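Quick note on numbering: the sequence shown equals residues 48 to 785 in our numbering. We put the CB at the ideal spot given by N, CA and C, even for glycine. All of these numbers come straight from a predicted model, not from anything done at the bench. Taking it in order: structure first as structure tokens, then the write-up.
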Amino acid sequence: MTDEITSQRSPSDPAKGFIAIAGNPNSGKTTAFNRYTGARQHVGNYPGITVEKKEGLAHLPNGTAVTLVDLPGTYSLTAYSLEEVVARRVLAEDRPGAVIDVINTPVLERNLYLSVQMLEMGIPLVLSLNMMDEARERGVVINAARLEELTGLKCIPTIARRGDGLDEALAEAVKLSETTQGRVEPLVISYGPDLDAVLPEMIQLVEKANLLTEQYPARWVAMKFLEKDKEILARARHINNETCEKLMAIVSKVEAHLKSTLNTYPEAVIADYRYGWISSIIKDGVLTGASESFERIAFSDKLDQVLTNRLAGPLILLVVLYVMYFFTIQVGQYPNDWLSAGFDWLANFVGSHMDHGPLKSLITAGVISGVGGVLGFVPLIMIMFFMITFLEDSGYMARVAYIMDRLFRFFGLHGASIMPFIIGGGIAGGCAVPGVMGARTLRSPKERLATILTVPFMTCGAKIPVFLLFVGIFFEKNQATVMFLLTLAGWAAALLVAFALRKTVIRGEPTPFVMELPPYRLPTLAGMCIHTWERTWQYIKKAGTIILGISILIWAAMTFPDLPAEELAVYDQQRAQIVAANQGQSEEELASLVAQVDNEESAEKLRHSIAGRLGIAMESITKPAGFDWRTNIALLGGIAAKEVVISTLGTAYSLGSSEDEEEEAHSLADRIRKDSTWKLSNAMALLFFTLLYSPCFVTLAMIKQETGKWRWLFFSLFFNLALAYVVAVLTNQLLQTV
Ligand code: GDP
Ligand code: MG
48 MTDEITSQRS PSDPAKGFIA IAGNPNSGKT TAFNRYTGAR QHVGNYPGIT
98 VEKKEGLAHL PNGTAVTLVD LPGTYSLTAY SLEEVVARRV LAEDRPGAVI
148 DVINTPVLER NLYLSVQMLE MGIPLVLSLN MMDEARERGV VINAARLEEL
198 TGLKCIPTIA RRGDGLDEAL AEAVKLSETT QGRVEPLVIS YGPDLDAVLP
248 EMIQLVEKAN LLTEQYPARW VAMKFLEKDK EILARARHIN NETCEKLMAI
298 VSKVEAHLKS TLNTYPEAVI ADYRYGWISS IIKDGVLTGA SESFERIAFS
348 DKLDQVLTNR LAGPLILLVV LYVMYFFTIQ VGQYPNDWLS AGFDWLANFV
398 GSHMDHGPLK SLITAGVISG VGGVLGFVPL IMIMFFMITF LEDSGYMARV
448 AYIMDRLFRF FGLHGASIMP FIIGGGIAGG CAVPGVMGAR TLRSPKERLA
498 TILTVPFMTC GAKIPVFLLF VGIFFEKNQA TVMFLLTLAG WAAALLVAFA
548 LRKTVIRGEP TPFVMELPPY RLPTLAGMCI HTWERTWQYI KKAGTIILGI
598 SILIWAAMTF PDLPAEELAV YDQQRAQIVA ANQGQSEEEL ASLVAQVDNE
648 ESAEKLRHSI AGRLGIAMES ITKPAGFDWR TNIALLGGIA AKEVVISTLG
698 TAYSLGSSED EEEEAHSLAD RIRKDSTWKL SNAMALLFFT LLYSPCFVTL
748 AMIKQETGKW RWLFFSLFFN LALAYVVAVL TNQLLQTV
């Protein structure tokens, strides 16, 4: 059917002087069209189909004539009806220089749904806020100036039946058509974490195969694949079937995911986020009085009156975040203790069934202590993910972004920077890698760069075990509060650095921007469990692969080279002497005396190893921060992946203690508690250092990929390191004096 709708003009025709009138049915298009064209109109059908086509000439007050087309009335630009397909193809192929979007103002919100879609196609719009008389009668008050400010579109109040405002609307459209030649930068809105995650790859595929990119923006085409738009799919198949298959494979995957987690499908999500975009505009001082909208949206609006309220909103947000931390730590403590005890038992069990030697050391110190240290936090992290999932799936996360928007602009970032920050660990437990990728939704390159460079300051899931360990030791009574403050510190660092960057290396004006407020939905329990498990599994997988590999490498670096034979012989001699000198003593006392020598030997071995020497060499630099060589090794390993900080400390402390002592297992926390070199001052310094210092390898690689420049990779590596060092030194020095 659709192939018969041939285009009326070739796209190469000068678009100037050709304006289309679009809008929902019964918004007053034909009334306006008749007023504009008078008797000079031509009524026919689009070739081959029964959709009426009206074309006519309109004259501006200065005498210039423009061609006007009255498009069929539609609510949307999907391919559900012939009218929609016609309207879409006229817009894409006939390329009017500009479009007058006739809005039925009393139901503004619903009418803007079509406008969003035209903006996403990159069509220059003038909004004709029609039926103003009716709006007034119904008590709907529109602030057109505010609407202009937020959308960047000219908004002209009109009453088509009386002719009010029509000339102005047409004049603006002609002006727009002259400056834009029928195309503007398409509107990019976020479709939430699931779809935003796959869109960049889909867009790349569309661009590479040139799938309809002459007519539509690549992102729009990709979105049509997600919506399974029959017309676009059929046409794209003719161009490059292979790419279409690849795209559909991606779509099927997201579809299955959305189905299982949220019991929804891509098209519904896209619609929700489009309404979300509209919603946030309407709420931002555009509309007062009653406007009709759909039931689910009306319910969301009511909730938002409280949750996004200027005063109550931020307060509720803080309470929500705090409760989350509190709950995580209170509830998570128990399974966490059980699991740590389990790993200790395992290390003992394996240790007691193996012969002394490097293999035993590898298994107990390298693998079990290292990886176990990371895995021990799984229950805590799972509880936290569960709550974050609830916030995300319910739609509250979008409100978080909305509330924070005002604050962000002040620091030279975008409202849209929030999502990457949150994904990166802004609400603890994220990961900077998708966070950096998530910055793709930012349209302004400068704000995008500032976001990419500051995402790594967030409390990602890998930093959490480090925080939990030390917070558990030094702030036993106030764990939740301190964790919460650390997360806030991450935000503060990100914002301050962003502010500094935007004032220096990435200077530039902010871009106006609108946040999406999709309607709330009640997450399903099954969906939340799936989302939680997916994230937890990622964490576990990383512990079993990357972290395991690095742990073994670091274990080797901490074990070899062994002490020279002469030195080992000295320790053997000492042990023999002790045994000889204390013949009469009890078995136990003898063992404890020997253990002292063992301890000295282990510590000496560790210092003698490659890692030990490196860590010691670094001590002169890290001393002001209060880090000893063991911490240095751990932090060095942490550049590979932040979890390694914990696994390395685990290995270092278990290698550094004697093997006999090992029989009576001690968790890493116990060992650190006993170690008198750890004080509040250097522990806090370590926490801040971990929060701020160089991003992990994968994030660095992602920064290079997303910015396209090595410069920013090195910037992140060294600037963050320097910042962390300065903060750590200051923290340690200050806390020592108090
Ligand atoms: P179309 O479906 O968009 O072409 O809408 P029409 O132009 O056919 O208009 C639908 C109805 O709205 C008609 O009865 C018009 O007279 C009426 N109408 C159009 N513009 C206005 C207006 O500004 N105010 C009021 N009160 N009615 C209008
Ligand atoms: Mg009509």
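Since residue 133 and residue 67 are thought to touch, with beta carbons under 8 Å apart, how far apart are those beta carbons, to the nearest angstrom? Wrong, their Cβ atoms sit about 11 Å apart, outside the cutoff.
Between the C-alpha atoms of residue 622 and residue 654, what's the straight-line distance to the nearest angstrom? Roughly 20 Å separates the two Cα atoms.
Determine the DSSP secondary structure at residue 400, reduced to helix, strand or coil. Of the three classes helix, strand and coil, the one that applies to residue 400 here is coil, per DSSP.
If I measure Cβ to Cβ from residue 597 and keep anything under 7 Å in the same chain, skipping five residues before and after, which residues do I get? Hits under 7 Å: 684, 687, 688 and 691.
Out of 192, 193 and 178, state which residue places its alpha-carbon closest to the alpha-carbon of residue 186. Ranked by Cα distance from residue 186, the first of 192, 193 and 178 is 178.
Could you check which residue in 206, 182, 234 and 499 has the C-alpha nearest to that of residue 200? When each option's Cα is compared against that of residue 200, the closest is 234.
Say the cut is 7 Å; is the CB of residue 157 nearer than that to a heavy atom of ligand 1? The answer is no for residue 157.
Indicate, with yes or no, if ligand 1 has a heavy atom lying under 7 Å from the CB of residue 74. Checking the Cβ of residue 74 against ligand 1 gives yes.
N-terminal and C-terminal residue of the beta strand (DSSP E) that residue 145 is part of: Start and end: 145-151.
Distance between residue 298 and residue 768 (C-alpha atoms, nearest Å): If you draw a straight line from the Cα of residue 768 to the Cα of residue 298, it comes to about 40 Å.
For the region 209-218 against the region 342-358, are there 3 or more C-beta pairs whose distance is under 8 Å? Three or more Cβ pairs closer than 8 Å define a contact, and the region 209-218 falls short of that threshold against the region 342-358.
Inter-residue Cα distance where the pair is residue 754 and residue 764: If you take the alpha carbons of residue 754 and residue 764, they lie about 14 Å apart.
Answer with buried or exposed for residue 507, where buried requires no fewer than 16 other C-beta atoms within 10 angstroms of its C-beta. Label assigned to residue 507: buried.
Use the C-beta contact count for residue 711: other C-beta atoms within 10 angstroms, 16 or more gives buried, fewer gives exposed. Low per-residue confidence applies at residue 711: pLDDT is 49, beneath 50, and the placement is therefore not dependable enough to give any value.
Cβ pair count under 8 Å reaching 3, the region 155-175 against the region 261-273: By the C-beta criterion, the region 155-175 is judged to be in contact with the region 261-273, since at least 3 inter-stretch pairs fall below 8 Å.
With 16 as the cutoff for other CB atoms within 10 Å, does residue 48 come out buried or exposed? Because residue 48 carries a pLDDT of 39, less than 50, the predicted location of this residue cannot be relied on, and no value is offered for it.
Quick check on the DSSP output: the beta strand (DSSP E) that includes residue 461 runs from which residue to which? No beta strand (DSSP E) contains residue 461, which DSSP labels as neither H nor E.
Cβ shell of residue 735 (< 6 Å), same chain only, five flanking positions each side left out: Cβ neighbours of residue 735 beyond the five flanking positions: 774, 775 and 778.
Does ligand 1 have even one heavy atom less than 7 Å from the beta-carbon of residue 78? Result yes, Cβ under 7 Å from ligand 1.
Buried or exposed, going by whether 16 or more other CB atoms sit within 10 Å of the CB of residue 232? Classification for residue 232: exposed.
Count the C-beta pairs between the region 571-589 and the region 457-465 that are closer than 8 Å, then say yes if the count reaches three, no if not. Contact annotation: the region 571-589 does not touch the region 457-465, with fewer than three C-beta pairs closer than 8 Å.
If you compare alpha carbons, which of 545, 307 and 411 is closest to residue 392? Selected option, being the one with the closest Cα: 411.
Do you know offhand how far residue 452's Cα is from residue 354's? Whole-angstrom Cα-Cα distance: 14 Å.
Closer than 7 Å: residue 183 CB and nearest ligand 1 heavy atom: No, Cβ of residue 183 sits at least 7 Å from all heavy atoms of ligand 1.
At least three beta-carbon pairs within less than 8 Å, the region 738-757 to the region 488-506: A contact between stretches requires three or more CB pairs, one per stretch, nearer than 8 Å, and the region 738-757 meets this requirement with the region 488-506.
Mapping the DSSP letters down to three states, classify residue 684 as helix, strand or coil. In this structure, residue 684 counts as helix in the three-state DSSP scheme.
Please tell me whether, using a cut-off of 7 Å, the distance from the CB of residue 165 to the nearest non-hydrogen atom of ligand 1 is below it. It does not: the Cβ of residue 165 is nowhere closer than 7 Å to a heavy atom of ligand 1.
Using 7 Å as the cut-off, classify the Cβ of residue 120 as near or not near the heavy atoms of ligand 1, replying yes or no. Set against 7 Å, the gap from the CB of residue 120 to the closest heavy atom of ligand 1 is smaller.
Measuring straight from C-alpha to C-alpha, what distance separates residue 515 and residue 361? Between residue 515 and residue 361, the C-alpha separation is close to 26 Å.
Given this structure, state the Cα-to-Cα distance separating residue 590 from residue 413, to the nearest angstrom. Distance between the alpha carbons of residue 590 and residue 413 is about 13 Å.
Proximity test, residue 484 beta-carbon vs ligand 1 heavy atom, cut-off 7 Å: Not under cutoff, so the answer is no.
Using the beta-carbon count (16 or more within 10 Å), is residue 209 buried or exposed? Residue 209 comes out exposed.
DSSP three-state assignment for residue 376, whether helix, strand or coil: Reduced to three states, the DSSP call for residue 376 is helix.
With 16 other Cβ atoms within 10 Å as the buried cut-off, status of residue 288: Residue 288 comes out exposed.
Using C-beta distances below 7 Å, list every residue in its chain close to residue 226, excluding the 5 sequence neighbours before and after it, in chain order. Within the same chain, residue 226 has no close Cβ partners at all.
Using a Cβ-Cβ cut-off of 7 Å (strictly less than) and excluding sequence neighbours within five positions of residue 382, which residues of its own chain qualify? Excluding residues within five positions, the ones whose Cβ falls inside 7 Å are 426.
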